[in-house]
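For reference, the structure discussed in these notes is given below.
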Amino acid sequence: MRASLKDLENAVNQVKLLKKDPGNEVKLKLYALYKQATEGPCNMPKPGVFDLINKAKWEAWNALGSLPEETARQNYVDLVSSLSSSSESSSQVKPGADKEHAGYGTLVVTSEDGITKIMLNRPTRKNAISTQMYQEIILALKAASQDDSAITVLTGNGDFYCSGNDLTNVTDTPLGGIEEKAKNSTNLLRDFVASFIDFPKPLIAVVNGPAVGIAVTLLGLFDIVYASDRATFHTPFSHLGLSPEGCSSYTFPKIMGPTKATEMLTFGKKLTAREACAQGLVTEVFPDATFQKEVWTRLTAYAKLPSNVLRISKQVIRNREKEKLHSVNVEESSIIQGRFLSEESMNAVMNFLSKRAKL
Amino acid sequence: MRASLKDLENAVNQVKLLKKDPGNEVKLKLYALYKQATEGPCNMPKPGVFDLINKAKWEAWNALGSLPEETARQNYVDLVSSLSSSSESSSQVKPGADKEHAGYGTLVVTSEDGITKIMLNRPTRKNAISTQMYQEIILALKAASQDDSAITVLTGNGDFYCSGNDLTNVTDTPLGGIEEKAKNSTNLLRDFVASFIDFPKPLIAVVNGPAVGIAVTLLGLFDIVYASDRATFHTPFSHLGLSPEGCSSYTFPKIMGPTKATEMLTFGKKLTAREACAQGLVTEVFPDATFQKEVWTRLTAYAKLPSNVLRISKQVIRNREKEKLHSVNVEESSIIQGRFLSEESMNAVMNFLSKRAKL
Amino acid sequence: MRASLKDLENAVNQVKLLKKDPGNEVKLKLYALYKQATEGPCNMPKPGVFDLINKAKWEAWNALGSLPEETARQNYVDLVSSLSSSSESSSQVKPGADKEHAGYGTLVVTSEDGITKIMLNRPTRKNAISTQMYQEIILALKAASQDDSAITVLTGNGDFYCSGNDLTNVTDTPLGGIEEKAKNSTNLLRDFVASFIDFPKPLIAVVNGPAVGIAVTLLGLFDIVYASDRATFHTPFSHLGLSPEGCSSYTFPKIMGPTKATEMLTFGKKLTAREACAQGLVTEVFPDATFQKEVWTRLTAYAKLPSNVLRISKQVIRNREKEKLHSVNVEESSIIQGRFLSEESMNAVMNFLSKRAKL
Chain A
1 MRASLKDLEN AVNQVKLLKK DPGNEVKLKL YALYKQATEG PCNMPKPGVF
51 DLINKAKWEA WNALGSLPEE TARQNYVDLV SSLSSSSESS SQVKPGADKE
101 HAGYGTLVVT SEDGITKIML NRPTRKNAIS TQMYQEIILA LKAASQDDSA
151 ITVLTGNGDF YCSGNDLTNV TDTPLGGIEE KAKNSTNLLR DFVASFIDFP
201 KPLIAVVNGP AVGIAVTLLG LFDIVYASDR ATFHTPFSHL GLSPEGCSSY
251 TFPKIMGPTK ATEMLTFGKK LTAREACAQG LVTEVFPDAT FQKEVWTRLT
301 AYAKLPSNVL RISKQVIRNR EKEKLHSVNV EESSIIQGRF LSEESMNAVM
351 NFLSKRAKL
Chain B
1 MRASLKDLEN AVNQVKLLKK DPGNEVKLKL YALYKQATEG PCNMPKPGVF
51 DLINKAKWEA WNALGSLPEE TARQNYVDLV SSLSSSSESS SQVKPGADKE
101 HAGYGTLVVT SEDGITKIML NRPTRKNAIS TQMYQEIILA LKAASQDDSA
151 ITVLTGNGDF YCSGNDLTNV TDTPLGGIEE KAKNSTNLLR DFVASFIDFP
201 KPLIAVVNGP AVGIAVTLLG LFDIVYASDR ATFHTPFSHL GLSPEGCSSY
251 TFPKIMGPTK ATEMLTFGKK LTAREACAQG LVTEVFPDAT FQKEVWTRLT
301 AYAKLPSNVL RISKQVIRNR EKEKLHSVNV EESSIIQGRF LSEESMNAVM
351 NFLSKRAKL
Chain C
1 MRASLKDLEN AVNQVKLLKK DPGNEVKLKL YALYKQATEG PCNMPKPGVF
51 DLINKAKWEA WNALGSLPEE TARQNYVDLV SSLSSSSESS SQVKPGADKE
101 HAGYGTLVVT SEDGITKIML NRPTRKNAIS TQMYQEIILA LKAASQDDSA
151 ITVLTGNGDF YCSGNDLTNV TDTPLGGIEE KAKNSTNLLR DFVASFIDFP
201 KPLIAVVNGP AVGIAVTLLG LFDIVYASDR ATFHTPFSHL GLSPEGCSSY
251 TFPKIMGPTK ATEMLTFGKK LTAREACAQG LVTEVFPDAT FQKEVWTRLT
301 AYAKLPSNVL RISKQVIRNR EKEKLHSVNV EESSIIQGRF LSEESMNAVM
351 NFLSKRAKL
């Protein structure tokens, strides 16, 4: 049964009711299918290389080639339908006895047994960090720093820990143009990293699967990092024309020595969990089958220690570095801002996105 | 044959003749047995939580329950007898050809083949560091820095390397009250750590068995750390309501990365010798059966190198950090002083001591 | 067939035509054989301990004992002959398609596929760094920093990576006397190390065999260090009465912790490639049989990344340390200069050289 024009119209209205932003990649797909369904194959002239948003739209539409209008219409309706159902189910991720903090669209935040758990919750996007998620993590850390929990945990929902910065953030260019965008992105990144530097209690990463980019570099600011043996650690900055962030240009050489840090940060070498542990980035690796059980047993015991002492102990160990880390963060952010505007990086990012769109 | 009242009286006089302080824990035991032997079960009202010394005495006496007076008398006499004999034998620990330095009550200090060896010598107390031992180690390091040896070694007599700060130091509160006590203890700790920071020659730890607390944290200031595979490394500061010292909040993150340092210093994770070596805290691990032989063979060879060059080499490597380490030591000590006075820590320490007294 | 007096005369002239300085050790040998061939056994009075150059000559001649004049003559002619042929063949080391940079006597420098390779080329001297080689490496790094390559590689020709400072440099004392010599050597060393600190692109060590002294300590300034499992790492400074250089007193404790750094730098412990990798000095170890193939495959891939990004990434990671490293270099050099003039060191070096001369 083929979708009718009425089905298409209903689907268009349904999109407006989605509780969560489906992300730029999906929006590009919807745009392309809608154009294909209503106007046929791409008829726009190809935009210039710096007109990022129109270039991305053009590429998405153009990638559909000569797909028949009826098929495009059906695909549009199916895609919207899948989005609506995943949007409903995702709010049921954690129905347990935990106290769940309301008001987050991209996270599930719960508190129990002296532990506040912040779970990245965009599993279908491999927990890529959208602009909204950056903002919500900052808020969640702020709240956790003031609640009565002893320790705070960051983890991911689904197969991935976190696939890093959502690159479709980059194509989501609004009014002010590219320079404004680069400035805003960099400011958000800087504030995001600063909220990890300033976090006053023990902060623990429970790395349930692959980690990419900023999700890796930030680990140098955590107090404990437990990883499943399924986890991998990958920072392909140079491949995207970018430079290291998250204070990793400072923390990684201290943790693993400068040459192993360079092979990761400059040359994008991907590490297994065991390699990352041997190099000091990960505190301990657990078999995936028993990962959650072993880690939470240990964390529950740790959270029983006097919370006041844990806070003081963290601060004795970390405060001495705080000022230095903030200055590194500012420096790295300023270099990244320049990189965002380089043609080298723009081309690399657009290549990456258009390759993915064609899959 | 039961001990007579005359035996008790003799034993009381024998205590006064002991060459070495038997430690607060033994003194509490003697106090309790004497009271039980002469007055029967504990009849004092329980002292308040801040009256540390009387609370400790009360707990020691009360722990004896309804032990008959005759049994208490016999136990007192037996305990004194064991103390007298161990006090005599301990001065015969090292009858060899070494030049033994006289005048130490808690250490055996010898010099031979270009090596000055400082051996902690309270084996029945697992080489816990009493106030006297803190002071004597400071003196022994001062002397070793000026003698003609090439290298200096710290090690323990018996099964333990060192069980850390003797917590009964804490209950030994005199005239000035708790605040005065906390201030004095902290000043002594700070001066003790400073004497390791300033030590001008290669300083080698020969870790013959378990190490606890300050005996572990200080390892970050040694130039080589050899460990028997029987050794373990444990810093349960948070469990006692305390914070890290010995410059470990600075040296440990540099040596093993911040997350492995936090799991030890903040969460009290105990390491085996092999784990401590993998993390860089220990230079090399040896099987216990051949530990002493292998280590001393190597050290004897090292001590043949020109002593002037060894001193210069250590200083090129270490002097750059000295000022920083002194400031870390002052900072850590000041935080510890606050911790000593916290109810959290007092309760934790008293719990620990009274549990041990009941064993 | 014995060499005639005419053969000797020809050989003497041939020495003057050698394209490359044969090194001080060979020159001493030539001196000794010539004297023995023309004057018989050593007839000079033994020079004083501080008259380094004459003492070295005397020792070389004296070491020949009662070697007959004819044999000495023959040995002289043979030695010159071997020098002439090795001098010719050495310029044919790399006949491939690479662009070879002309004008180096002790190096072979080539550029291909985005990689500039600087190969130490005194294989018969285990690539010991003569005064000329120090100067040429400084020039080659300067040129590589300005060419269009993405990465720069340092490696050794033959079985050794590099046996460190050519100790016969020390005996090569000219006009100004020992103090002048010590000052000049130290200034050259300082400038040499500075050229590594300042190098602006990723710098990779391909350690094909044993590394000694300055060739080891400099590794702390490289961005990647790949080693064959045949490689060893040895810094016998104290044995020669010397102190650490190449910024190793700062970089080694950061990389491997202070105690493992001390066992290498102060006590001269030699590491295998696997040990050096476990301690973070080496990035990765490869089996010797596949070493060149695996390493160059990987480097060729790395060199394809955008060179501008690689340069920026290195600088984000390294620039923060530059000022500190320069001050460490100045400090270490000044201490070494004092060491060069110490009798302790002079005797140790001369012992080493005369032992070798007698082999």
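Chains as they are written, first to last, in full-length UniProt numbering: chain A, 1 to 359; chain B, 1 to 359; chain C, 1 to 359.
Cβ atoms here follow ideal geometry from the backbone N, Cα and C, with glycine treated the same way.
As the structure is a computational prediction, the values presented were derived from the model and not from experiment.
At a Cβ cut of 7 Å, what residues of the stretch 259-274 of chain B count as close to chain A, listed as they run along the chain? 259, 260, 261, 262, 263, 265, 266 and 267
Assigned exposure category for residue 327/C - 16 Cβ within 10 Å defines buried: exposed
Please look up how many angstroms separate the CB atoms of residue 240/C and residue 349/C, rounded, as I've assumed it's under 8 Å. Between the beta-carbon of residue 240/C and that of residue 349/C there is about 6 Å, and that keeps the pair under the 8 Å contact cut.
Return the Cβ separation of residue 360/B and residue 216/B in integer angstroms, given the expectation that the two are a contact with Cβ distance under 8 Å. Lying outside 1 to 359, the shown extent of chain B, residue 360/B is not represented and no answer is given.
Can you name the residues of chain A whose CB is closer than 9 Å to the CB of residue 344/B? When 9 Å is used as the limit between beta carbons, residue 344/B is near these residues of chain A: 306, 308 and 309, in chain order.
Given a cut-off of 8 Å, decide if residue 252/C and residue 265/C are closer than it, judged by their beta-carbon atoms. yes
Residues of the stretch 285-302 of chain C whose Cβ lies closer than 8 Å to any Cβ of chain B, in chain order: none
Please confirm if residue 326/C has its CB atom under 8 Å from at least one CB of chain B. Residue contact with chain B for residue 326/C: absent (no Cβ-Cβ distance below 8 Å to any residue of chain B).
How far does the beta strand (DSSP E) with residue 284/B in it reach, from first residue to last? DSSP places residue 284/B in the uninterrupted beta strand (DSSP E) bounded by 284-286.
Are any of the Cβ atoms in chain C nearer than 8 Å to that of residue 234/A? no
Helix, strand or coil: which one does DSSP assign to residue 99/A? It is a strand residue.
Based on the DSSP output, what are the partners of residue 227/C in its beta bridges? 207/C and 285/C
Residue 272/C bridges to which residues according to DSSP? 232/C
CB contact flag (residue 145/B, residue 106/B, <8 Å): Going by C-beta atoms, residue 145/B is not nearer than 8 Å to residue 106/B.
Mapping DSSP to helix, strand and coil, what is residue 44/A? coil
Please name the residue in 300/B, 231/B and 195/B whose C-alpha comes closest to that of residue 287/B. Of the candidates 300/B, 231/B and 195/B, the one whose C-alpha sits nearest the C-alpha of residue 287/B is 231/B.
What would DSSP say about residue 126/A, mapped onto helix, strand or coil? coil
What does a CB cutoff of less than 7 Å around residue 263/B pick up in its chain, not counting 5 residues either side in sequence? 269
Residues near residue 115/B in its chain [Cβ-Cβ closer than 8 Å; skip 5 each side]: Hits under 8 Å: 149, 150, 151, 152, 153, 299, 300 and 303.
Given this structure, state the Cα-to-Cα distance separating residue 39/C from residue 8/C, to the nearest angstrom. Residue 39/C and residue 8/C: Cα-Cα distance of roughly 14 Å.
Work out the CA separation of residue 243/B and residue 344/B for me, nearest whole Å. 12 Å
Would you report the Cα separation of residue 16/B and residue 318/B, rounded to the nearest angstrom? 46 Å
DSSP state of residue 246/B mapped onto helix, strand, coil: coil
Residues that residue 256/A contacts on chain C, provided the C-beta gap is smaller than 8 Å: 280
Using a Cβ-Cβ cutoff of less than 8 Å, which residues in the same chain neighbour residue 97/A once the five nearest sequence positions on both sides are dropped? With a pLDDT of 48 at residue 97/A, under the threshold of 50, the predicted position of this residue should be treated as unreliable, and no value is reported.
Buried or exposed for residue 75/A, going by 16 or more other Cβ atoms inside 10 Å? Counting Cβ neighbours within 10 Å, residue 75/A comes out buried, since at least 16 surround it.
Quick one: residues in its chain with C-beta nearer than 6 Å to the C-beta of residue 32/B, no 5 flanking neighbours on either side, listed in chain order? 60, 61 and 64, listed in sequence order.
Look up residue 360/B in the DSSP assignment and give the residues it is bridged to. Because chain B spans 1 through 359 in this model, residue 360/B falls outside it and cannot be assessed.
Candidates 66/A, 67/A and 44/A: closest to residue 57/A by CA position: 44/A
For chain A, check one thing: does any of its Cβ atoms lie closer than 8 Å to the Cβ of residue 199/C? no
Contact set for residue 248/A: own chain, Cβ-Cβ below 7 Å, skip 5 residues either direction: Same-chain partners within the cutoff: 217, 220 and 265.
Residues of the stretch 216-244 of chain C in Cβ contact with chain B at a cutoff of 8 Å, in chain order, please. Result list: 237, 238, 239, 241, 242, 243 and 244.
Looking at the secondary structure, which residues open and close the beta strand (DSSP E) in which residue 341/B lies? Per DSSP, residue 341/B belongs to no beta strand (DSSP E) and is neither H nor E.
Of the choices 68/C, 27/C and 125/C, whose alpha-carbon is the least far from that of residue 80/C? 27/C
Determine whether the Cβ of residue 123/A lies closer than 8 Å to any Cβ atom of chain C. Not one beta carbon of chain C lies nearer than 8 Å to the beta carbon of residue 123/A.
Measuring only the C-alpha atoms, how far is residue 164/C from residue 132/C? Looking at the two C-alpha atoms, the distance is approximately 13 Å.
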